[in-house]
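Down below is the structure, laid out as structure tokens.
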Amino acid sequence: MNSNPTCTREVIVKLENGLHIRPVSQIVKVAQKFSCELAIRKGDRTVDGKSILDLMSLAAEQGASLLLEGRGDDAAQAVEAIAALFERDFASDRPE
Numbered sequence: 610m611n612s613n614p615t616c617t618r619e620v621i622v623k624l625e626n627g628l629h630i631r632p633v634s635q636i637v638k639v640a641q642k643f644s645c646e647l648a649i650r651k652g653d654r655t656v657d658g659k660s661i662l663d664l665m666s667l668a669a670e671q672g673a674s675l676l677l678e679g680r681g682d683d684a685a686q687a688v689e690a691i692a693a694l695f696e697r698d699f700a701s702d703r704p705e
């Protein structure tokens, strides 16, 4: 049995244009701050949450349900940080 902590969370894509390059790059930027493995699943397809190309290949449209899964010491923090992006529709806290 794997002793690494695992954390999962379901998120819904609310963006009108789905997950395009800008939100995907935000996901990867946040994910790379953590040492854990991060997988993102849509249906029966699971991809590396730290790979822009993998995430783009999900073609996650508005309304899509995604499962975030972190595995490792900081998995809970990573999953929560990525989920927070979805919760605020990828809006930045900083003024443009």
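Numbering-wise (the numbering used here), the sequence shown opens with residue 610 and increments by one.
Positions of the beta carbon are idealized from the N, C-alpha and C atoms, including for glycine.
Residue interval of the alpha helix (DSSP H) (run including residue i)
i, result
"LYS638", "630 to 640"
"GLU689", "684 to 696"
Endpoints, beta strand (DSSP E) assigned at residue i
i, result
"LEU677", "674 to 680"
"ASP657", "654 to 657"
"LEU647", "646 to 651"
"VAL622", "Note, VAL622: premise wrong, no beta strand (DSSP E); not H, not E."
Buried versus exposed, by CB contacts within 10 Å (16 or more), residue i
i, result
"LEU667", "buried"
"ILE630", "exposed"
"LEU628", "buried"
"LEU662", "exposed"
"ALA693", "exposed"
"ALA700", "exposed"
"ILE621", "exposed"
Closer than 7 Å: residue i CB and nearest the ligand NAD heavy atom
i, result
"HIS629", "Inclusion of the ligand NAD in the displayed structure is not the case, the ligand content being empty and no account of it being possible."
Length of the line joining the Cα atoms of residue i and residue j
i, j, result
"VAL688", "ASP657", "13 Å"
"ARG618", "SER660", "19 Å"
"ALA690", "GLN671", "20 Å"
"MET665", "SER634", "10 Å"
"ASP653", "ALA673", "13 Å"
Spatial neighbours of residue i in its chain, beta-carbon cut-off 8 Å, leaving aside the 5 residues before and after
i, result
"ALA685", "PRO614, CYS616 and GLY679"
Residues near residue i in its chain [Cβ-Cβ closer than 6 Å; skip 5 each side]
i, result
"ARG650", "LEU676"
For the region 644 to 657 against the region 676 to 695, do three or more pairs of beta-carbon atoms, one drawn from each stretch, fall closer than 8 Å, so that the two count as touching?
yes
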